[in-house]
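Peer 1: Using numbering that gives the first Met the number 0, read the sequence shown as starting at 0 and increasing by one per residue. All residues carry an ideal CB built from backbone N, CA and C; glycine is no exception. Keep in mind the model is a prediction, meaning the values are calculated, not measured.
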Amino acid sequence: MSTIEDTHLLKPITDVQLEPRKTLMPIGGYEAMPLLPIEIAVETLVDIIPDIQRKTYIAKLCAQDHTSTDSLTIDESTSIILFTMEWNPESLYSALNRGLRSEDRRALKIWFPYLKLFLTTVYKLSGIARHVWRGVTLDLNKDYMKNQTYIWCGFSSTTQSLDVLESEEYLGRAGTRTLFNIDYMNAKPIRNHSFYQSEDELILLSAFQFQVTGKLDSADGLHIIELKEDADLLRDYVAYARTFVGPQLTEASGKLL
0 MSTIEDTHLL KPITDVQLEP RKTLMPIGGY EAMPLLPIEI AVETLVDIIP
50 DIQRKTYIAK LCAQDHTSTD SLTIDESTSI ILFTMEWNPE SLYSALNRGL
100 RSEDRRALKI WFPYLKLFLT TVYKLSGIAR HVWRGVTLDL NKDYMKNQTY
150 IWCGFSSTTQ SLDVLESEEY LGRAGTRTLF NIDYMNAKPI RNHSFYQSED
200 ELILLSAFQF QVTGKLDSAD GLHIIELKED ADLLRDYVAY ARTFVGPQLT
250 EASGKLL
(Lines of atoms letter the chains of each structure in order from A and count residues from 1; the text may use other names and numbers.)
(Lines give C-alpha, C1' and ligand atoms only; values in the text may rest on other atoms or scores of the structure.)
Protein backbone atom coordinates (compact mmCIF):
# COMPACT_ATOMS: atom_id res chain seq x y z
CA MET A 1 0.00 0.00 0.00
CA SER A 2 1.31 3.46 -0.87
CA THR A 3 2.01 5.83 1.98
CA ILE A 4 2.09 9.59 2.13
CA GLU A 5 5.88 9.52 2.15
CA ASP A 6 6.32 7.56 -1.09
CA THR A 7 3.72 9.42 -3.14
CA HIS A 8 4.70 13.03 -2.52
CA LEU A 9 6.52 13.31 -5.84
CA LEU A 10 3.15 12.93 -7.57
CA LYS A 11 1.90 16.29 -6.29
CA PRO A 12 -0.14 17.85 -9.10
CA ILE A 13 2.26 20.54 -10.18
CA THR A 14 1.55 18.87 -13.51
CA ASP A 15 -2.27 18.82 -13.53
CA VAL A 16 -2.86 21.88 -15.70
CA GLN A 17 -4.49 19.75 -18.41
CA LEU A 18 -7.45 19.25 -16.06
CA GLU A 19 -8.42 22.92 -16.17
CA PRO A 20 -11.79 23.54 -17.89
CA ARG A 21 -11.67 25.25 -21.24
CA LYS A 22 -14.61 27.52 -20.41
CA THR A 23 -15.28 30.23 -17.83
CA LEU A 24 -17.27 28.90 -14.90
CA MET A 25 -19.76 30.73 -12.73
CA PRO A 26 -18.16 32.52 -9.78
CA ILE A 27 -18.78 31.14 -6.31
CA GLY A 28 -19.84 32.98 -3.19
CA GLY A 29 -20.75 31.93 0.32
CA TYR A 30 -17.62 30.60 1.98
CA GLU A 31 -16.64 34.08 3.19
CA ALA A 32 -19.77 34.19 5.38
CA MET A 33 -18.78 30.99 7.20
CA PRO A 34 -17.43 31.20 10.76
CA LEU A 35 -13.85 30.17 11.41
CA LEU A 36 -14.01 26.65 12.84
CA PRO A 37 -11.43 24.33 14.41
CA ILE A 38 -9.80 22.23 11.72
CA GLU A 39 -11.38 18.99 13.00
CA ILE A 40 -14.86 20.49 12.54
CA ALA A 41 -13.96 22.22 9.27
CA VAL A 42 -13.24 18.87 7.59
CA GLU A 43 -16.30 16.99 8.91
CA THR A 44 -18.30 17.80 5.77
CA LEU A 45 -15.60 16.14 3.64
CA VAL A 46 -15.77 12.66 5.17
CA ASP A 47 -18.10 11.30 2.48
CA ILE A 48 -15.74 12.23 -0.36
CA ILE A 49 -12.42 11.81 1.50
CA PRO A 50 -12.99 8.91 3.92
CA ASP A 51 -9.53 9.15 5.53
CA ILE A 52 -9.63 12.92 6.06
CA GLN A 53 -9.98 12.79 9.86
CA ARG A 54 -6.93 10.56 10.34
CA LYS A 55 -4.90 12.69 7.94
CA THR A 56 -6.03 15.80 9.84
CA TYR A 57 -4.72 14.26 13.07
CA ILE A 58 -1.34 13.60 11.45
CA ALA A 59 -1.21 17.10 9.96
CA LYS A 60 -1.99 18.68 13.31
CA LEU A 61 0.86 16.82 14.97
CA CYS A 62 3.19 18.24 12.30
CA ALA A 63 1.73 21.72 12.75
CA GLN A 64 2.92 21.88 16.35
CA ASP A 65 6.43 22.48 14.99
CA HIS A 66 5.32 25.22 12.58
CA THR A 67 3.32 27.68 14.68
CA SER A 68 6.31 29.94 15.39
CA THR A 69 6.52 30.68 11.66
CA ASP A 70 4.35 33.39 10.07
CA SER A 71 2.38 33.82 13.33
CA LEU A 72 -0.12 31.12 12.38
CA THR A 73 -2.16 29.13 14.86
CA ILE A 74 -1.90 25.34 14.96
CA ASP A 75 -5.23 24.98 13.16
CA GLU A 76 -4.19 27.46 10.48
CA SER A 77 -0.90 25.69 9.87
CA THR A 78 -2.74 22.36 9.81
CA SER A 79 -5.01 23.59 7.02
CA ILE A 80 -1.96 24.20 4.80
CA ILE A 81 -0.24 20.94 5.75
CA LEU A 82 -3.40 19.05 4.75
CA PHE A 83 -3.39 20.90 1.43
CA THR A 84 0.18 19.73 0.70
CA MET A 85 -0.21 16.09 1.78
CA GLU A 86 -0.55 13.38 -0.86
CA TRP A 87 -2.21 10.00 -0.35
CA ASN A 88 -4.15 7.39 -2.29
CA PRO A 89 -6.74 7.11 -3.69
CA GLU A 90 -7.27 10.89 -3.63
CA SER A 91 -5.78 13.61 -1.46
CA LEU A 92 -7.52 16.76 -0.26
CA TYR A 93 -5.70 18.89 -2.86
CA SER A 94 -6.92 16.78 -5.76
CA ALA A 95 -10.50 16.54 -4.48
CA LEU A 96 -10.68 20.30 -3.88
CA ASN A 97 -9.39 21.15 -7.34
CA ARG A 98 -11.80 18.65 -8.89
CA GLY A 99 -14.63 20.55 -7.21
CA LEU A 100 -13.31 23.97 -8.22
CA ARG A 101 -13.11 22.83 -11.85
CA SER A 102 -16.62 21.37 -11.93
CA GLU A 103 -19.59 23.14 -13.49
CA ASP A 104 -21.71 22.02 -10.53
CA ARG A 105 -20.91 24.98 -8.28
CA ARG A 106 -23.38 23.82 -5.61
CA ALA A 107 -21.21 20.79 -4.92
CA LEU A 108 -18.55 23.11 -3.50
CA LYS A 109 -20.67 23.99 -0.46
CA ILE A 110 -19.25 21.08 1.50
CA TRP A 111 -15.84 22.74 1.12
CA PHE A 112 -16.89 26.10 2.59
CA PRO A 113 -15.81 25.41 6.23
CA TYR A 114 -12.36 24.23 5.14
CA LEU A 115 -12.00 26.97 2.52
CA LYS A 116 -12.81 29.65 5.07
CA LEU A 117 -9.99 28.45 7.34
CA PHE A 118 -7.53 27.71 4.53
CA LEU A 119 -8.02 30.98 2.66
CA THR A 120 -7.95 33.05 5.84
CA THR A 121 -4.63 31.39 6.57
CA VAL A 122 -3.20 31.87 3.09
CA TYR A 123 -3.99 35.58 3.20
CA LYS A 124 -1.88 35.88 6.34
CA LEU A 125 1.15 34.79 4.32
CA SER A 126 3.09 37.49 2.53
CA GLY A 127 2.67 37.27 -1.23
CA ILE A 128 5.78 37.70 -3.36
CA ALA A 129 6.30 38.68 -6.99
CA ARG A 130 8.00 35.79 -8.75
CA HIS A 131 8.47 34.00 -12.03
CA VAL A 132 7.36 30.44 -11.31
CA TRP A 133 7.02 27.25 -13.32
CA ARG A 134 4.53 24.44 -13.81
CA GLY A 135 4.15 21.98 -16.65
CA VAL A 136 2.77 18.78 -18.12
CA THR A 137 3.95 15.96 -20.40
CA LEU A 138 1.46 16.94 -23.10
CA ASP A 139 1.35 19.38 -26.00
CA LEU A 140 -0.98 22.17 -24.83
CA ASN A 141 0.41 24.72 -27.26
CA LYS A 142 -2.82 25.03 -29.27
CA ASP A 143 -4.89 25.55 -26.12
CA TYR A 144 -3.16 28.83 -25.24
CA MET A 145 -3.14 31.59 -27.85
CA LYS A 146 -0.84 34.60 -27.60
CA ASN A 147 -2.49 37.78 -26.25
CA GLN A 148 -5.57 35.83 -25.13
CA THR A 149 -6.72 35.71 -21.50
CA TYR A 150 -7.58 32.59 -19.51
CA ILE A 151 -8.56 31.50 -16.00
CA TRP A 152 -7.26 28.52 -14.04
CA CYS A 153 -10.02 27.49 -11.64
CA GLY A 154 -8.00 25.23 -9.36
CA PHE A 155 -5.17 26.03 -7.00
CA SER A 156 -1.83 25.60 -8.76
CA SER A 157 1.36 24.20 -7.30
CA THR A 158 4.44 25.85 -8.78
CA THR A 159 8.18 25.90 -8.32
CA GLN A 160 10.86 28.54 -8.83
CA SER A 161 13.29 25.87 -10.00
CA LEU A 162 13.16 24.67 -13.59
CA ASP A 163 15.44 21.82 -12.55
CA VAL A 164 12.61 20.45 -10.39
CA LEU A 165 10.26 20.20 -13.36
CA GLU A 166 12.97 18.70 -15.55
CA SER A 167 13.69 15.92 -13.07
CA GLU A 168 12.56 12.42 -14.00
CA GLU A 169 9.96 12.47 -11.21
CA TYR A 170 8.09 15.20 -13.09
CA LEU A 171 8.57 16.04 -16.78
CA GLY A 172 12.09 14.90 -17.59
CA ARG A 173 14.25 16.45 -20.31
CA ALA A 174 12.92 14.67 -23.39
CA GLY A 175 9.64 13.99 -25.13
CA THR A 176 6.49 16.06 -25.47
CA ARG A 177 6.25 18.70 -22.74
CA THR A 178 4.60 22.04 -22.10
CA LEU A 179 6.20 24.39 -19.58
CA PHE A 180 4.45 27.47 -18.25
CA ASN A 181 6.66 30.38 -17.14
CA ILE A 182 4.33 32.48 -14.97
CA ASP A 183 4.85 36.10 -13.95
CA TYR A 184 2.77 36.34 -10.77
CA MET A 185 2.54 39.24 -8.33
CA ASN A 186 1.13 37.35 -5.35
CA ALA A 187 2.66 33.88 -5.15
CA LYS A 188 2.25 32.35 -1.71
CA PRO A 189 5.32 30.50 -0.36
CA ILE A 190 4.06 27.63 1.79
CA ARG A 191 7.28 25.71 2.40
CA ASN A 192 7.29 26.58 6.11
CA HIS A 193 3.90 24.90 6.47
CA SER A 194 4.26 22.06 4.01
CA PHE A 195 4.28 18.38 4.88
CA TYR A 196 7.29 18.15 2.55
CA GLN A 197 9.56 20.98 3.64
CA SER A 198 12.29 19.95 1.23
CA GLU A 199 10.08 21.27 -1.58
CA ASP A 200 10.19 25.03 -2.25
CA GLU A 201 6.54 25.18 -3.25
CA LEU A 202 4.55 28.30 -4.09
CA ILE A 203 0.85 28.24 -4.83
CA LEU A 204 -1.20 30.29 -7.23
CA LEU A 205 -4.64 31.05 -5.89
CA SER A 206 -7.78 29.62 -7.41
CA ALA A 207 -9.30 31.60 -10.28
CA PHE A 208 -5.89 32.87 -11.41
CA GLN A 209 -6.46 35.14 -14.41
CA PHE A 210 -3.64 35.59 -16.89
CA GLN A 211 -2.66 36.62 -20.39
CA VAL A 212 -0.42 34.63 -22.71
CA THR A 213 2.50 36.96 -23.48
CA GLY A 214 4.82 34.68 -25.44
CA LYS A 215 5.35 31.18 -26.85
CA LEU A 216 8.43 29.20 -27.84
CA ASP A 217 8.51 25.82 -29.59
CA SER A 218 11.69 23.77 -29.69
CA ALA A 219 12.59 20.88 -31.96
CA ASP A 220 12.62 18.27 -29.19
CA GLY A 221 8.92 18.46 -28.33
CA LEU A 222 9.26 21.19 -25.70
CA HIS A 223 6.76 24.05 -25.71
CA ILE A 224 7.27 27.04 -23.41
CA ILE A 225 4.33 29.36 -22.80
CA GLU A 226 4.84 32.66 -20.97
CA LEU A 227 1.99 33.94 -18.79
CA LYS A 228 1.41 37.18 -16.92
CA GLU A 229 -1.21 37.86 -14.28
CA ASP A 230 -4.01 39.99 -15.75
CA ALA A 231 -5.06 42.53 -13.12
CA ASP A 232 -7.65 44.14 -15.41
CA LEU A 233 -9.38 40.80 -15.96
CA LEU A 234 -9.39 40.23 -12.21
CA ARG A 235 -11.28 43.49 -11.62
CA ASP A 236 -13.81 42.61 -14.33
CA TYR A 237 -14.31 39.13 -12.87
CA VAL A 238 -14.88 40.51 -9.36
CA ALA A 239 -17.46 42.99 -10.66
CA TYR A 240 -19.19 40.15 -12.51
CA ALA A 241 -19.15 37.95 -9.41
CA ARG A 242 -20.77 40.67 -7.29
CA THR A 243 -23.91 40.37 -9.39
CA PHE A 244 -24.32 36.84 -8.01
CA VAL A 245 -23.08 36.92 -4.42
CA GLY A 246 -23.69 40.48 -3.30
CA PRO A 247 -21.53 43.41 -2.25
CA GLN A 248 -19.68 41.48 0.47
CA LEU A 249 -17.41 39.97 -2.22
CA THR A 250 -14.01 41.67 -2.16
CA GLU A 251 -11.31 41.64 -4.79
CA ALA A 252 -9.44 39.12 -2.65
CA SER A 253 -12.33 36.69 -2.33
CA GLY A 254 -13.23 37.15 -5.98
CA LYS A 255 -9.74 36.15 -6.95
CA LEU A 256 -9.99 32.95 -5.01
CA LEU A 257 -13.39 31.76 -6.11
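Could you tell me if P49 is buried or exposed, where buried requires 16 or more neighbouring beta carbons within 10 angstroms of its beta carbon?
Peer 2: By the neighbour-count rule (16 or more Cβ atoms within 10 Å), P49 is not buried but exposed.
Peer 1: What ranges does the beta strand (DSSP E) occupy inside the region 111-160, keeping only unbroken runs of at least 3 residues that lie completely in it?
Peer 2: The qualifying runs are 127-135, 148-151 and 155-158.
Peer 1: For a test of the three-state rule: what should DSSP assign to R176, helix, strand or coil?
Peer 2: In the structure shown, R176 sits in a strand (DSSP, three-state: E or B).
Peer 1: Anyone know if the C-beta pair for L201 and K214 falls short of 8 Å?
Peer 2: The answer is no: Cβ separation not under 8 Å.
Peer 1: So, with DSSP's three-state summary, where would you put F322?
Peer 2: Past the edges of the chain, shown from 0 to 256, lies residue 322, and the structure says nothing about it.
Peer 1: So what's L201 in DSSP terms, helix, strand or just coil?
Peer 2: Strand at L201.
Peer 1: Does DSSP put G264 in a helix, in a strand, or in coil?
Peer 2: Since the first residue shown for the chain is 0 and the last is 256, residue 264 is missing from the structure and cannot be characterised.
Peer 1: Counting only runs of 3+ residues fully inside the region 31-100, write out the beta strand (DSSP E) ranges in chain order.
Peer 2: Within the region 31-100, no complete beta strand (DSSP E) run reaches 3 residues.
Peer 1: Do R104 and C152 have their beta-carbon atoms positioned less than 8 Å apart in this structure?
Peer 2: No, Cβ-Cβ distance for C152 and R104 is not below 8 Å.
Peer 1: In three-state terms, what does DSSP make of A186?
Peer 2: Strand.
Peer 1: Just to check my reading of the structure: R133 and F179 have Cβ atoms closer than 8 Å, yes? What is that Cβ distance to the nearest angstrom?
Peer 2: Correct: roughly 5 Å between the Cβ atoms.
Peer 1: Verify whether the separation of the beta carbon atoms of F82 and Y29 is less than 8 Å.
Peer 2: It is not a contact, given that the beta carbons lie outside the stated cut-off.
Peer 1: If L71 and K123 are in contact, beta carbons under 8 Å, what's the gap, nearest whole angstrom?
Peer 2: About 6 Å; that satisfies the 8 Å criterion.
Peer 1: Quick check on DSSP: helix, strand or coil for K227?
Peer 2: Strand at K227.
Peer 1: Taking a contact to mean a Cβ-Cβ separation below 8 Å, would you say T43 touches T77 in this structure?
Peer 2: Result no, Cβ atoms of T43 and T77 do not sit closer than 8 Å.
Peer 1: How should D64 be labelled, buried or exposed, when 16 other C-beta atoms within 10 angstroms of its C-beta is the threshold for buried?
Peer 2: Exposed is the call here.
Peer 1: Looking at the strands, I want to know which residues DSSP matches up with Q208.
Peer 2: Bridge partners of Q208: I150.
Peer 1: Which residues in the same chain have their Cβ closer than 6 Å to the Cβ of Q16, if we skip the five residues on either side of it in sequence?
Peer 2: The answer, listed in chain order, is V135 and L137.
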